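The sequence shown lines up with residues 0 to 716 when you count with numbering that gives the first Met the number 0.
Don't be surprised by glycine CBs; every beta carbon is placed ideally from N, CA and C.
Source: prediction; values computed, not measured.
Structure first, then comments.
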Amino acid sequence: MFKKFLITLLNDSDYTPKTYEELIGLYPILRRNQSNCFRFLQELEKMQIVYFMPNKTYILSSDAIIGYYQGKSNHFGFLIPLDKNRFAKDLFIHSKNLNGAMDGDLVIGKIIYTSHSKSNESEGKIISIIEEKKHKIVGDFIDNGSYAFVIPDNDKFKDIYINKEHFNGARNNDKVIVKIIKRAKNGKNPEGTISEILGKKDEVGMDIISIIRQYGLSTEFPNEVLKQIEDFPDKIDKEEIKRELLHRKDLRHLKIFTIDGEDTKDFDDAVSIEKLKNGNYKLGVHIADVTHYVKKGAPLDKEALNRGTSVYLVDRVLPMLPEKLSNGLCSLNPNTNRFALTCFMEINHNGEVVNTEIVESLINTIEKMTYININKIIEKKDEELILRYGHVLDDILMMEELRNILAQKRYNRGSIDFDFPEPKVILNNKKKPISIELYEKNSATNLIEEFMIVTNEAISRYFSIKEIPFLYRIHDKPSDEKAQSFIKFLNTISEEQVNITPSPKGLQIILEEYKNKKEYFQINHILLRSLTKAKYSNENIGHFGLASTHYSHFTSPIRRYPDLQIHRIIKAYLHGNLSQKEILEYNKELPDISKHATSMEMKANQCENDSKKLKMCEYMLDKKGQEFKGIVSGVTNKGIFVSLENTVEGFIYVEDFNMDKQYLYDEDIFSYYSQNNKNDKFTFGVKVIVQVYEIDLNKKQITFKLIEKIYEDDKEE
0 MFKKFLITLL NDSDYTPKTY EELIGLYPIL RRNQSNCFRF LQELEKMQIV
50 YFMPNKTYIL SSDAIIGYYQ GKSNHFGFLI PLDKNRFAKD LFIHSKNLNG
100 AMDGDLVIGK IIYTSHSKSN ESEGKIISII EEKKHKIVGD FIDNGSYAFV
150 IPDNDKFKDI YINKEHFNGA RNNDKVIVKI IKRAKNGKNP EGTISEILGK
200 KDEVGMDIIS IIRQYGLSTE FPNEVLKQIE DFPDKIDKEE IKRELLHRKD
250 LRHLKIFTID GEDTKDFDDA VSIEKLKNGN YKLGVHIADV THYVKKGAPL
300 DKEALNRGTS VYLVDRVLPM LPEKLSNGLC SLNPNTNRFA LTCFMEINHN
350 GEVVNTEIVE SLINTIEKMT YININKIIEK KDEELILRYG HVLDDILMME
400 ELRNILAQKR YNRGSIDFDF PEPKVILNNK KKPISIELYE KNSATNLIEE
450 FMIVTNEAIS RYFSIKEIPF LYRIHDKPSD EKAQSFIKFL NTISEEQVNI
500 TPSPKGLQII LEEYKNKKEY FQINHILLRS LTKAKYSNEN IGHFGLASTH
550 YSHFTSPIRR YPDLQIHRII KAYLHGNLSQ KEILEYNKEL PDISKHATSM
600 EMKANQCEND SKKLKMCEYM LDKKGQEFKG IVSGVTNKGI FVSLENTVEG
650 FIYVEDFNMD KQYLYDEDIF SYYSQNNKND KFTFGVKVIV QVYEIDLNKK
700 QITFKLIEKI YEDDKEE
């Protein structure tokens, strides 16, 4: 750990040169490792990574790049600099220059070659590994008698050599987890030992289990967690209700109902509405009180924090909380007493929240509504449904009225909405894909989305004003480089000069301007790539994409730990228990919780996407050789991505559509354009006909062959 601390310190742009005595005097972690620290500095000096100056201070060499190695395949990867002020661009590393580095390692690199092309890209090599990431790699065990190889599922890693003494019971074609015991150097393969046998690689469901284990996620809860939930009742009894109503509001008289998907099992939010005498709306958003059961520091809490989020895979859910809570005691099931945390908002006809009240509550939802049914009621498409839900009809229509007001307000301030199709892979009982459908967005899904957004904003604003330690969902503005790149792109496709300061409203205006033009698809994709990723933080900087000054995640504590953490802070505040000691504790722990929650969310998203891509590839296996219409959805210097109507995406290599070298690649406009006709392009949104050529389940990749480009004046049947 001291090596990581020291090298990160020297790399910091705010670092001022210090002597060895100053370093160990200022930093306890270095003082505890004095002799090792001195030896490490000497090693760095020998490698010319650190310089020992005449005034006896240490500085980092100007050409040393500190960062994490990110493997892209077993042939190459990138060094991602820690300090973008020192080195702005990621550094390409060929496998021959890895020096034993593997994906996720903290490394020191140097530039060995800089291109003089327009892209000005550089190539580098790894000089030293500061911190090795511990790898347990999932793959197929291939027995060769006296030795074996594990072929990793993830092609970031080379095949791993296994000596017979490290087989540990593994047999040919087993799916295994291998632990690395010797890094790859001098062109040799890494060596490993089998740490776990998952089963035969062709077992039903093994493909998804492999992905789960590849990301280090858990399918089972620890024994101490299972033991803890044994003590929980199956339902809330009268005595507990009596005790809780001493500090809770009894809201069972309100018409509260849930609105969710057809197959939802964990209901963590419910809604109610009424019109006040002054004409304003009183919206109630009632969220499951998960912290009533998940106490701070208990095994259940530690495991929920460790997981960070529920993971929704193509064939299963890995819940953050055990089913007894997620689908049982915490789920706002109909006609069942449940404890909740309720946020009442008084909202005027301009969509402004003029008053916020947060209370602990007891609720009993009267209906389990679905998006499909709510949408039919709103659009008056089903008289039978309207009669069936007559007792909540006025509430539903009032909610739709309020949704329109909130959506208009959000639009007016510049909130950016991307409308990309989201696929759902349908599996049979043998977990084989049989169809691909698109999730429907309609008035009902939009209604819940608007209500959750306004609630998350109201909660965030309420506690920010009170200057209480809190968790925020933040989204930073685009970097200057990304913003300028996007504006440069706009100027290549626009008839008039575009010169805007990227703001939510400015970007929204651009999207609106191109909404019905052929460039809309292209602009949408490139704008999305220009934006930063949202994350959790204990410091509020607002949410750029939503054009919101305050935003937090409050509405899903069953499946997201940040929401659960926020509930804990809110309840401590409501009970008057936020002592100075607790505030100091929260200030200390919230940065780590934010960082971990962001990391686990990214890991969950990657795992979910991998499971979906795998089953999409599997779905296309029997369609090899068939032709499909598609649309260009990505452009790189290696070729183009094409998305079919069912959202399955494949790649066409540049050699396939550019055999006569007619098309030139322009990275500024993310396009290939013809030398003979600059209007003849392969870019985002161009329609094509492709043939399914090759499918690699391990890489989760599909390769297409280009059959025909559909030009604008071509008529489609």
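Asked, Found
"Residue 461 versus residue 455 - alpha carbon distance", "10 angstroms"
"Inter-residue CB distance, residue 64 and residue 7 (contact presumed, cutoff 8 angstroms)", "Wrong, their Cβ atoms sit about 13 angstroms apart, outside the cutoff."
"Sufficient close CB pairs (3 or more, under 8 angstroms) joining the segment 305–320 to the segment 249–258", "no"
"Reduced DSSP category for residue 565 - H, G, I as helix; E, B as strand; rest coil", "helix"
"Residue 710 burial status per 10 Å Cβ neighbour count (16 or more: buried)", "exposed"
"Exposed unless 16 or more other CB atoms sit within 10 angstroms - verdict on residue 714", "Any answer about residue 714 is weak, because its pLDDT of 43 lies below 50 and its placement is not dependable; what the coordinates show is given next. Exposed: under 16 other Cβ atoms inside 10 Å."
"Coil, strand or helix - residue 16 by DSSP", "coil"
"Three-state secondary structure assigned by DSSP to residue 502", "coil"
"Helix, strand or coil at residue 714 according to DSSP, with G and I counted as helix", "Caution is warranted here: a pLDDT of 43 is assigned to residue 714, below 50, making its placement in the model unreliable, and the coordinate value is therefore given only provisionally. Three-state result, residue 714: coil."
"Per-residue burial, residue 15 [other beta carbons within 10 Å of its own, 16 or more giving buried]", "exposed"
"8 angstroms Cβ cutoff met for residue 609 and residue 699", "yes"
"Straight-line gap, residue 301 to residue 138 (C-alpha atoms, nearest Å)", "30 angstroms"
"Residues sharing a beta bridge with residue 631, DSSP", "641"
"Inter-stretch contact (C-beta, 8 angstroms, three-pair minimum) for the segment 433–445 and the segment 524–533", "no"
"Other residues of its chain near residue 515: CB distance less than 8 angstroms, five sequence neighbours each side excluded", "none"
"Meets three-Cβ-pair contact criterion under 8 angstroms: the segment 486–493 and the segment 544–561", "no"
"Spatial distance of residue 688 from residue 628 (CA atoms)", "5 angstroms"
"Closest by C-alpha distance to residue 277, when choosing among 151, 345, 285, 217", "345"
"Identity of the residues DSSP links to residue 283 by a beta bridge", "271, 343"
"Contact check, residue 717 vs residue 551, beta carbons under 8 angstroms", "Residue 717 lies beyond the stretch modelled for the chain, which goes from 0 to 716, so this question has no answer here."
"When 123, 416, 538 are compared against residue 527, the one with the closest alpha-carbon", "416"
"Outcome for residue 27 when other beta-carbon atoms lying within 10 angstroms are tallied against a minimum of 16", "exposed"
"Given 8 angstroms, three or more beta-carbon pairs between the segment 217–229 and the segment 331–338", "no"
"Contacting residues, own chain, Cβ-Cβ under 7 angstroms from residue 702 (five flanking each side not counted)", "649, 650, 692, 693"
"Which listed residue (1, 519, 198) has its alpha carbon closest to that of residue 29", "1"
"For residue 175, three-class secondary structure by DSSP", "strand"
"CB of residue 146 within 8 angstroms of CB of residue 162, strictly", "yes"
"Range of the contiguous beta strand (DSSP E) that encloses residue 56", "56–59"
"Neighbour-count burial assignment, residue 174, 16 or more Cβ in a 10 Å radius", "buried"
"Cβ separation of residue 109 and residue 95, assumed to be a contact under 8 angstroms, to the nearest whole Å", "Not quite, the Cβ-Cβ distance comes to about 15 angstroms (not below 8 angstroms), so this is no contact."
"C-beta contact flag for residue 618 and residue 310 at 8 angstroms", "no"
"Span of the alpha helix (DSSP H) around residue 582", "579–619"
"Residue 109, DSSP secondary structure in three states", "strand"
"Delimiting residues of the alpha helix (DSSP H) encompassing residue 477", "Run containing residue 477: none; DSSP gives neither H nor E here."
"The segment 390–406 touching the segment 293–308, judged by at least three CB pairs closer than 8 angstroms", "no"
"Pairwise C-alpha distance: residue 268 and residue 338", "12 angstroms"
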